[in-house]
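Residue 112 in the UniProt record's numbering sits at position 112 of the sequence shown, with consecutive numbering throughout.
We treat Cβ as the ideally placed atom computed from N, Cα and C, and that holds for glycine.
Since the model is a prediction, treat every value here as computed from it, not as a measurement.
These notes are about the structure you will find just below.
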Amino acid sequence: MFRHEIIVREAAAYLKEVQEVKQPIERPPIPAKPPWIPPNRGCFKVNTDGAIFEELGCCGIGVVIRNERGQLMGAMSKKIELPLDVLEVEAKALEEGMLLAWDLGLKEITLESDSELVVKALTDQRLLQISIQKVIEGISEGLKCFLAASVTHTRRSGNSPAHILARHAKLLNHSIIWVEDTPPIIADHIQNDVTGSNSISFNEI
Numbered sequence: 001m002f003r004h005e006i007i008v009r010e011a012a013a014y015l016k017e018v019q020e021v022k023q024p025i026e027r028p029p030i031p032a033k034p035p036w037i038p039p040n041r042g043c044f045k046v047n048t049d050g051a052i053f054e055e056l057g058c059c060g061i062g063v064v065i066r067n068e069r070g071q072l073m074g075a076m077s078k079k080i081e082l083p084l085d086v087l088e089v090e091a092k093a094l095e096e097g098m099l100l101a102w103d104l105g106l107k108e109i110t111l112e113s114d115s116e117l118v119v120k121a122l123t124d125q126r127l128l129q130i131s132i133q134k135v136i137e138g139i140s141e142g143l144k145c146f147l148a149a150s151v152t153h154t155r156r157s158g159n160s161p162a163h164i165l166a167r168h169a170k171l172l173n174h175s176i177i178w179v180e181d182t183p184p185i186i187a188d189h190i191q192n193d194v195t196g197s198n199s200i201s202f203n204e205i
């Protein structure tokens, strides 16, 4: 009987050991990449987006300009009474963003769009498409007027405020520009972007 109890205890201990080994190793969660990444100190990020309203035969453009703290410097929602295709309206949005930044007196900017094709056309002329050639050439010349300028691609999740303002243009007769005043329709998104980017240090940008 005594030997039987020893065997039972040893079997229970062995079973416990096996169960512990099989338990998955807990790993620290991988921090999610913030949707919007702030620009370098002293630089301003110009997010742009375009929208097509096929039923109206026109397009919309959204522009959001922020500093390294995520504070809004300027924004635009503009309707274009022309039936442009996707690449054309995205290129036009970049152009409008650049012009707004210049009008605000900003000298160091990063233009950002979620249109990878348009961004590649600006960074590699071999990929330039005829439909946007004039606009791209105009942007390239305009960027030379800034002390520092670059063009980057972002995911749609990093471009939400500009996307919302582009869609908002559908309700306008022409355009609205905000200067150092956040449009209510994107206030929550701006705050979320700032919150999400707080974990990034300037050395990591």
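Selected residue, minimal CA-CA separation from residue i, among the options
{"i": "Ser150", "options": "Glu180, Ile109, Gly62", "result": "Ile109"}
{"i": "Lys154", "options": "Ser115, Val64, Asn40, Ala101", "result": "The identity of residue 154 in the sequence shown is Thr, whereas the question assumes Lys. Residue Ser115 is the option with its Cα nearest to Thr154."}
{"i": "Phe146", "options": "Leu111, Phe53, Leu117", "result": "Leu111"}
{"i": "Gln191", "options": "Gly50, Gln71, Arg41, Gly57", "result": "Gln71"}
CB contact flag (residue i, residue j, <8 Å)
{"i": "Trp36", "j": "Asp193", "result": "yes"}
{"i": "Cys59", "j": "Leu84", "result": "yes"}
{"i": "Val135", "j": "Ala162", "result": "no"}
{"i": "Asp49", "j": "Ser131", "result": "no"}
{"i": "Asp104", "j": "Gly74", "result": "Just to set this straight, residue 104 is Leu in the shown sequence, not Asp. Cβ atoms of Leu104 and Gly74: closer than 8 Å."}
Buried or exposed (CB count within 10 angstroms, at least 16 for buried), residue i
{"i": "Pro184", "result": "exposed"}
{"i": "Glu141", "result": "exposed"}
{"i": "Leu106", "result": "buried"}
{"i": "Val46", "result": "buried"}
Spatial distance of residue i from residue j (CA atoms)
{"i": "Asn67", "j": "Asp188", "result": "17 Å"}
{"i": "residue 206", "j": "Leu122", "result": "Nothing can be reported for residue 206: it is not among the residues displayed for the chain, which extend from 1 to 205."}
{"i": "Gly57", "j": "His174", "result": "14 Å"}
{"i": "Leu100", "j": "Leu128", "result": "24 Å"}
{"i": "Ile139", "j": "Met98", "result": "8 Å"}
{"i": "His168", "j": "Gly158", "result": "18 Å"}
{"i": "Leu172", "j": "Ala148", "result": "33 Å"}
Please specify which runs of the beta strand (DSSP E), each continuous and at least 3 residues long, are wholly inside the region 139-191, giving them in chain order. 148-153, 175-179
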